[in-house]
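Okay, so the sequence shown: first residue is 80 according to our numbering, each after it adds one. Okay, so here's the structure we're looking at.
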Amino acid sequence: MTFICPMKKQERFEKVIAYFLEHQPIAETELQYHNPYQLLVAVILSAQCTDKRVNMVTPELFKIFPTPQKLANTDFDTLFPYIKSISYPNNKAKHLLGMGQLLMEKFNGKVPSTLEELIQLPGVGRKTANVIMSVVFDKPTMAVDTHVFRVSARLGLTTNAKTPLATELQLIKFIPEEFIATAHHWLILHGRYTCLARSPKCAECGLKDYCKYFEKKQKKELKEA
Numbered sequence: 080m081t082f083i084c085p086m087k088k089q090e091r092f093e094k095v096i097a098y099f100l101e102h103q104p105i106a107e108t109e110l111q112y113h114n115p116y117q118l119l120v121a122v123i124l125s126a127q128c129t130d131k132r133v134n135m136v137t138p139e140l141f142k143i144f145p146t147p148q149k150l151a152n153t154d155f156d157t158l159f160p161y162i163k164s165i166s167y168p169n170n171k172a173k174h175l176l177g178m179g180q181l182l183m184e185k186f187n188g189k190v191p192s193t194l195e196e197l198i199q200l201p202g203v204g205r206k207t208a209n210v211i212m213s214v215v216f217d218k219p220t221m222a223v224d225t226h227v228f229r230v231s232a233r234l235g236l237t238t239n240a241k242t243p244l245a246t247e248l249q250l251i252k253f254i255p256e257e258f259i260a261t262a263h264h265w266l267i268l269h270g271r272y273t274c275l276a277r278s279p280k281c282a283e284c285g286l287k288d289y290c291k292y293f294e295k296k297q298k299k300e301l302k303e304a
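And the structure:
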């Protein structure tokens, strides 16, 4: 049985970052896209839905609505069939229509690059805006989804963070700026494939020696032995 020595938060961040740099130096979104508009559409659709499902829908969607102008000029009944297999299709259809219209009316059909501008778009909250700023515009922003929220708490990278914003602020405080954008994908992918919500794969996790969750799990097992 491995015993974990007490570790300061800065050291924990350094260990986690070093691990990912060695084992997963390149980490990117699994959403499929070819331009900022397509990524924006895909991220809006991905809320409470898997990237796999979104990627099944978007090829045909992008063929029929290849530009914000095409999206802005359609209507609900025309758009809905293309996204009906996505979670919450009614709301997301309305969001996409409003997003396309506002992109044309206010931003000349271009995806804006700032948080203040992006969150004006229907269906775009802070998380989605941070994804766009990070992936498209290479800004050091940390988008916090359920995977990032869970994994960062389990590892001990965050402490008593009750909201995505609290998680975001704690993470960017300790992650060097040049790694923030990639760290977003590290944490998402780790949560998607290893640190699962219900049955985390601790036995095969390379981060267990730096993980608060695993440490508590060991102590519980030792106490019950």
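Each residue gets a CB set at the ideal place from its N, CA and C atoms; glycine is no exception.
Closest Cα partner of residue i within the set the options
i, options, result
"Q103", "A151, K280, L268 and C274", "L268"
"G285", "G270, K299 and A276", "G270"
"S305", "L100, R132 and N187", "The structure shown does not extend to residue 305, since the chain spans only 80 to 304, so no value can be given for it."
"P219", "L194, A240 and T146", "L194"
"A151", "Y116, T273 and C128", "Y116"
"E101", "A262, T242 and F293", "A262"
"T207", "V120, A97, E300 and R91", "V120"
"A161", "L181, T137, Q148 and P145", "As written in the sequence, residue 161 is Tyr, which differs from the Ala given in the question. Of the candidates L181, T137, Q148 and P145, the one whose C-alpha sits nearest the C-alpha of Y161 is T137."
Continuous alpha helix (DSSP H) stretch holding residue i: start and end
i, result
"A260", "E256 to Y272"
"E303", "K291 to E303"
"A97", "K88 to H102"
"P147", "P147 to A151"
"G179", "P168 to F186"
"I123", "P115 to S125"
Residue i to residue j span [Cα, whole Å]
i, j, result
"Q111", "V122", "10 angstroms"
"N169", "F155", "9 angstroms"
"N187", "F228", "35 angstroms"
"T238", "D288", "18 angstroms"
"I190", "L197", "The sequence as given places Val at residue 190; Ile does not occur at that position. Distance between the alpha carbons of V190 and L197 is about 8 angstroms."
Contacting residues, own chain, Cβ-Cβ under 7 angstroms from residue i (five flanking each side not counted)
i, result
"K296", "C281"
"H305", "There is simply no residue 305 to check, as the chain begins at 80 and stops at 304 in what is shown."
"W265", "F99, Q103 and A106"
"H192", "Correcting the residue type first, residue 192 is Ser in the shown sequence and not His. Excluding sequence neighbours, S192 sits near M212 and F216."
Cβ-based neighbour list, residue i, same chain, cut-off 6 angstroms, excluding 5 preceding and 5 following
i, result
"M80", "Residue placement at M80 is flagged as unreliable, the pLDDT there being 46, under the threshold of 50; a coordinate-derived value is accordingly withheld."
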